[in-house]
Amino acid sequence: MMPLRKFSIHQPSTVAEASQMLAQYGEKGRLYAGGTELLLAMKHDLLRYEHLVDVKTIPDLNRIELKNGALMIGGSATHRAIERSAIVKQSLPVLAEMETKVANIRVRACGTLGGNLCFAEPHSDPATLLTALGAKAHVQGKAGVRAIAMDKLITGAYETSLAGDELLVGVEIPVLAKNQRAAYLKFQLKERPTLGLALFLELDGDNIKKASAVVGSVSVSPTQSEQANRLLTGTRAQVEKQIGDAAEALANAADPVDDTEGGADYKRHLIGVFLRRAFVKALA
Amino acid sequence: MNLQFTLNGKPWSVDCEPADTLAEVLRNQLNLNGTKVSCEVQVCGACTVLVDNLPVSACTYLAYEARGKNLLTVEGLEKADGTLHPIQQAFIDDFAFQCGYCTPGMIMAAKSLLDENPNPSREEIIHHMDGNICRCTGYVPIVAAIQRAAGMIAKEKKQ
Chain A
1098 MMPLRKFSIH
1108 QPSTVAEASQ
1118 MLAQYGEKGR
1128 LYAGGTELLL
1138 AMKHDLLRYE
1148 HLVDVKTIPD
1158 LNRIELKNGA
1168 LMIGGSATHR
1178 AIERSAIVKQ
1188 SLPVLAEMET
1198 KVANIRVRAC
1208 GTLGGNLCFA
1218 EPHSDPATLL
1228 TALGAKAHVQ
1238 GKAGVRAIAM
1248 DKLITGAYET
1258 SLAGDELLVG
1268 VEIPVLAKNQ
1278 RAAYLKFQLK
1288 ERPTLGLALF
1298 LELDGDNIKK
1308 ASAVVGSVSV
1318 SPTQSEQANR
1328 LLTGTRAQVE
1338 KQIGDAAEAL
1348 ANAADPVDDT
1358 EGGADYKRHL
1368 IGVFLRRAFV
1378 KALA
Chain B
146 MNLQFTLNGK
156 PWSVDCEPAD
166 TLAEVLRNQL
176 NLNGTKVSCE
186 VQVCGACTVL
196 VDNLPVSACT
206 YLAYEARGKN
216 LLTVEGLEKA
226 DGTLHPIQQA
236 FIDDFAFQCG
246 YCTPGMIMAA
256 KSLLDENPNP
266 SREEIIHHMD
276 GNICRCTGYV
286 PIVAAIQRAA
296 GMIAKEKKQ
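Chain order of the listed sequences is A and B. Counting from 1, position 247 in the first sequence corresponds to residue 1344 in my numbering; the numbering is continuous, with no gaps. Counting from 1, position 18 in the second sequence corresponds to residue 163 in my numbering; the numbering is continuous, with no gaps.
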């Protein structure tokens, strides 16, 4: 394979400086974190940049902390750091468990949560789970700081709503309350998942009063369906009767695509299987 | 740019381009050809080396990232007297390779596992080695070799 085309690496020491560099280099520059997706695309000459802005030189951008009932995970925290973090394991085990299954050990050692979300590769495990958990991306650019809901951050395959000078500073993920449950399951035959499915439930005694089912990898970006979420509320017995319809509504919303990970019909079938499994797991 | 790092226990200073991968620097500049390059998309694990004890894909890991760090490649495993590392010996004893192309990466991935978890279960070995692909031997002897190596290392430590 061809070597990488030449580029310069820049080392900002603050978020503001990184934002300024992104604005300055425009289309010729890109933020560089773990490189586990960006460098592959550059090696295949699918993307060309003359300037990479290394976000890892900004101190403390990889911090993981618990603040006011939410995990705050810095943009440059690696998958491995999240997977191993005592704070994450204790306060939101579903996130730590999902991270242990991202890609492989080498990708987890280098790849970052911020990079994963901002590259918006359609097979992202974190994007699917974080959408179900109601996480928010905190971004900063020259216009200031703003928080974006996960489903507004990722707008398509490899597309986000970030402005050219904005970067993801961190992700705020509410930890589960006593009456909330969550599960994440994935199905994978080859190097990328065929399907990832996250389910969040809020209980009131035996009643499920709120549900959010999100399916990823089957199409361009994580998807949920209001109709499916509605069908997943009610008594447990009711939901068990409606879960097939919920899966169908979710599959219709996701509109799976045929690709090397599986045919569209097969993926629709998997949505039904994994929604049931996630439901059982979340309530276990 | 000039990079300084520790490689297989020795300090090194290397001049390279920001776009050079660690595999290119190791193989082309330092003539350390033990690290193999195959898929070049972080999937196969043939190029696995350890950076500060963490496994990385040298094929798409910029050499720039190694600045100031401690690197270990398969060439750095044997002892000064040429005795093989227990993982290397176990791979021979269990016939855990045929063509051998994936072996350096397998051994380095196994090293990162056993450094962290000296007595892994079969499931833990499989989970850790999941991202290293072998296309000829199959995985049964590789898992057996890693279990054998864990035993050999434990025995060495007792002595």
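From the three backbone atoms N, C-alpha and C, an ideal C-beta is built for every residue, glycine too. Treat the numbers as computed from the prediction; the structure is a model and nothing was measured.
Subject >> Proximal chain B residues relative to Val1204 (chain A), where beta-carbon distance stays under 7 Å >> reply: Gln187
Subject >> Minimum length 4: unbroken alpha helix (DSSP H) runs contained in the stretch 1162 to 1216 of chain A >> reply: 1176 to 1181, 1183 to 1188, 1190 to 1196, 1202 to 1207, 1210 to 1216
**OP:** Find the nearest neighbour of Thr218 (chain B) within the set B:Ala289, B:Lys155, B:Gln149, judged by alpha-carbon distance.
**Re:** B:Lys155
Original post:
Considering only residues of the same chain and omitting the five flanking positions on each side of Phe240 (chain B), which have a CB-CB separation below 8 Å?
Top reply: Thr282, Pro286
**OP:** Identify the contact partners of Val201 (chain B) in chain A, using a Cβ-Cβ distance below 8 Å as the criterion.
**Re:** Arg1203, Ala1206, Cys1207
**OP:** Would you list, in sequence order, the uninterrupted beta strand (DSSP E) runs of no fewer than 3 residues that lie entirely inside the stretch 162 to 220 of chain B?
**Re:** 193 to 196, 199 to 202, 215 to 217
Original post:
Would you say Asp275 (chain B) faces chain A, with C-beta separation under 9 Å as the test?
Top reply: yes
Original post:
Taking the DSSP output, what are the residues bridged to Asn147 (chain B)?
Top reply: B:Asp160
Original post:
Is there contact between the stretch 1242 to 1251 of chain A and the stretch 1277 to 1293 of chain A, where contact requires at least three CB pairs shorter than 8 Å?
Top reply: no
**OP:** With a threshold of 16 other CB atoms inside 10 Å of the CB of Asn176 (chain B), please say whether the residue is buried or exposed.
**Re:** exposed
Original post:
Any idea if Lys181 (chain B) is buried or exposed, counting beta-carbon neighbours within 10 angstroms, 16 or more meaning buried?
Top reply: buried
Subject >> Test: Leu171 (chain B) CB closer than 9 Å to a CB of chain A >> reply: no
Original post:
Can a CB atom of chain B be found closer than 9 Å to the CB of Pro1109 (chain A)?
Top reply: no
**OP:** Show which residues of chain B have a CB atom less than 9 Å away from the CB atom of Leu1296 (chain A).
**Re:** What Leu1296 (chain A) touches in chain B: nothing, since even the nearest Cβ is about 23 Å away.
**OP:** Check the Cβ of Arg163 (chain B) against every Cβ in chain A and list those closer than 8 Å, keeping chain order.
**Re:** The sequence as given places Pro at residue 163 (chain B); Arg does not occur at that position. In chain order: Lys1103, Phe1104, Ser1105, Ile1106, Leu1149.
**OP:** Determine the DSSP secondary structure at Ile232 (chain B), reduced to helix, strand or coil.
**Re:** helix
Original post:
Is Gly1253 (chain A) near the ligand NAD, with its Cβ less than 8 Å from a heavy atom?
Top reply: Within the structure as shown, the ligand NAD is missing, as the structure has no ligands at all.
Original post:
Got a sec: is the Cβ-Cβ distance from Gly179 (chain B) to anything in chain A below 9 Å?
Top reply: no
Original post:
Listing by chain order, which chain A residues have their CB less than 7 Å from the CB of Tyr209 (chain B)?
Top reply: Ile1106
**OP:** Could you please tell me which residues of the stretch 204 to 233 of chain B, in chain order, have their CB closer than 9 Å to any CB of chain A?
**Re:** Cys204, Thr205, Tyr206, Leu207, Tyr209, Glu210
**OP:** Report the neighbours of Thr1133 (chain A) on chain B: residues whose CB is nearer than 7 Å to its CB, in chain order.
**Re:** Gln187
Original post:
How about Ile278 (chain B) and Gly190 (chain B): do their beta carbons lie closer than 9 Å?
Top reply: yes
Original post:
Can you name the start and end residues of the alpha helix (DSSP H) that Ser1105 (chain A) belongs to?
Top reply: Careful: Ser1105 (chain A) lies outside any alpha helix (DSSP H), inside the beta strand (DSSP E) at 1105 to 1107.
**OP:** Express the C-alpha separation of Lys1103 (chain A) and Cys161 (chain B) in angstroms, rounding to a whole number.
**Re:** 11 Å
Original post:
Does the beta carbon of Ala290 (chain B) come closer than 9 Å to any beta carbon on chain A?
Top reply: no
**OP:** Could you work out which residue in A:Gly1369, A:Gln1187, A:Asp1355 is closest to Lys1338 (chain A) when comparing CA atoms only?
**Re:** A:Gly1369
Subject >> 9 Å Cβ cutoff, Arg1374 (chain A) in contact with chain B >> reply: no
Subject >> Same chain, Cβ closer than 6 Å to Leu1254 (chain A), neighbours up to 5 away in sequence not counted >> reply: The sequence shown places Ala at residue 1254 (chain A), rather than the Leu named in the question. The residues are Pro1219, Val1317.
Subject >> Three CB pairs or more closer than 8 Å across the stretch 193 to 209 of chain B and the stretch 250 to 262 of chain B >> reply: yes
**OP:** Under 7 Å Cβ to Cβ from Ile298 (chain B), same chain only, skipping five residues before and after it: list those, please.
**Re:** Pro231, Leu259, Pro263
Subject >> Rounded C-alpha distance that separates Pro265 (chain B) from Glu1323 (chain A) >> reply: 44 Å
Original post:
In chain order, which beta strand (DSSP E) runs of at least 3 residues are fully inside the stretch 1300 to 1380 of chain A?
Top reply: 1304 to 1313
Original post:
In chain A, which residues lie with their C-beta within 7 Å of the C-beta of Ala254 (chain B)?
Top reply: Ile1202
**OP:** Find the residues of chain A that neighbour Thr193 (chain B), judging by a C-beta separation of less than 9 Å, and give them in chain order.
**Re:** Ile1202, Arg1203
**OP:** Could you please tell me which residues of the stretch 1114 to 1127 of chain A, in chain order, have their CB closer than 9 Å to any CB of chain B?
**Re:** none
**OP:** Please report the residue range of the alpha helix (DSSP H) in which Lys1283 (chain A) lies.
**Re:** Element bounds for Lys1283 (chain A): not the alpha helix (DSSP H) but the beta strand (DSSP E), 1277 to 1284.
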